[in-house]
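Novice: Every position in the sequence shown, counted from 1, becomes a number in my numbering once 1 is added.
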Amino acid sequence: GTERMRIESNGDVGIGTTDPAFLLDVSGGVARINSSSAGFSEALRLQRDGGNYYSIGLDNGDLNFCYNGQSADGSTLVIDGGANAVGIGTKTPAFKLDVQTSVGGLVARFKDSDSSHDGLRIEGDTNGAFICNDSALSSEAIYFQNSLNAMRFYTSGNERMRIAPNGDVSFGNTSAGGK
Numbered sequence: 002g003t004e005r006m007r008i009e010s011n012g013d014v015g016i017g018t019t020d021p022a023f024l025l026d027v028s029g030g031v032a033r034i035n036s037s038s039a040g041f042s043e044a045l046r047l048q049r050d051g052g053n054y055y056s057i058g059l060d061n062g063d064l065n066f067c068y069n070g071q072s073a074d075g076s077t078l079v080i081d082g083g084a085n086a087v088g089i090g091t092k093t094p095a096f097k098l099d100v101q102t103s104v105g106g107l108v109a110r111f112k113d114s115d116s117s118h119d120g121l122r123i124e125g126d127t128n129g130a131f132i133c134n135d136s137a138l139s140s141e142a143i144y145f146q147n148s149l150n151a152m153r154f155y156t157s158g159n160e161r162m163r164i165a166p167n168g169d170v171s172f173g174n175t176s177a178g179g180k
């Protein structure tokens, strides 16, 4: 008959190959890890000798990537196949891409790899969110301040213009109203 599986003397296991190059080397077909349990089920754990680990698991229709946790609540990245949504920092993405953090500060950064600038940053705090090109409001930024229902514009770390909730626009002296 045809050889279907091989265990080498060094412990490498080959399925569908007679020359396994890894501890487990599957070739020529689909490998399936199946769990019949309901809810979250850890399917694969990546760990280095008792240290921190990542788990990949299924939670009904979601694919969960968890860090040091074996539950969907510990998910750091969720792919919700039913809603075609991705969640980072949330296990229930409400948008196509839903990124959340509980500590505020930098949420996302978009940067080309060959430049010296910090790229486009999206940050948040307890009062709102801002788009900037350096940490916090230390350089150029647009601040959407929920606590004032205002938009604030910064250059060189200084507020230069503000649009108030009633539509008044202030330049330079941001406490003064104007149109």
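Ideal placement from N, C-alpha and C gives every residue a C-beta, glycine not left out.
Provide the residue(s) that pair with V100 in DSSP beta bridges, ordered along the chain.
Specialist: Within the sequence shown, residue 100 is the residue found at index 99, counting from 1. Answer by DSSP bridge pairing, in chain order: I89.
Novice: Exposed or buried, G52, counting other C-beta atoms within 10 Å across all chains shown (16 or more means buried)?
Specialist: Here residue 52 refers to the residue found at position 51 of the sequence shown. Flag for G52 reads exposed.
Novice: If you drop the 5 nearest sequence neighbours on each side, which residues of the same chain put their C-beta closer than 7 Å to that of V27?
Specialist: Locating residue 27 in the sequence shown gives position 26, where the first residue counts as 1. Excluding residues within five positions, the ones whose Cβ falls inside 7 Å are I16, G17.
Novice: Under 8 Å Cβ to Cβ from L24, same chain only, skipping five residues before and after it: list those, please.
Specialist: Within the sequence shown, the letter at position 23 stands for residue 24. Here the set comprises G12, D13, V14.
Novice: Please classify G29 as buried or exposed, where buried requires at least 16 neighbouring CB atoms within 10 angstroms.
Specialist: Numbered from 1 along the sequence shown, position 28 holds the residue referred to as residue 29. G29 should be labelled exposed.
Novice: Terminal residues of the continuous beta strand (DSSP E) containing F172?
Specialist: Against the sequence shown, residue 172 aligns to sequence position 171. Counting along the chain, the beta strand (DSSP E) containing F172 begins and ends at 170-172.
Novice: Please state whether DSSP places N65 in a helix, a strand or coil.
Specialist: Indexing the sequence shown from 1 puts residue 65 at position 64. Of the three classes helix, strand and coil, the one that applies to N65 here is strand, per DSSP.
Novice: Give the range of the beta strand (DSSP E) segment to which T156 is assigned.
Specialist: The residue labelled residue 156 in the question sits at position 155 within the sequence shown. Unbroken beta strand (DSSP E) run through T156: 151-156.
Novice: Apart from the five residues on each side of it in sequence, which residues of its chain come closer than 6 Å, Cβ to Cβ, to R161?
Specialist: Within the sequence shown, the letter at position 160 stands for residue 161. Closer than 6 Å at Cβ, skipping near neighbours: F154.
Novice: Using DSSP with H/G/I as helix, E/B as strand and the rest coil, what is A22?
Specialist: The residue given as residue 22 occupies position 21 in the sequence shown. A22 falls in the coil class under three-state DSSP.
Novice: Does the distance from the C-beta atom of G83 to that of D99 stay below 8 Å?
Specialist: In the sequence shown, counting from the first residue as 1, residue 83 sits at position 82. In the sequence shown, counting from the first residue as 1, residue 99 sits at position 98. Contact: no.
Novice: Measure the C-alpha to C-alpha separation of E4 and P21 and round it to an integer number of angstroms.
Specialist: Translated into the one-based positions of the sequence shown, residue 4 becomes position 3. Translated into the one-based positions of the sequence shown, residue 21 becomes position 20. So the alpha carbons of these two residues sit roughly 13 Å apart.
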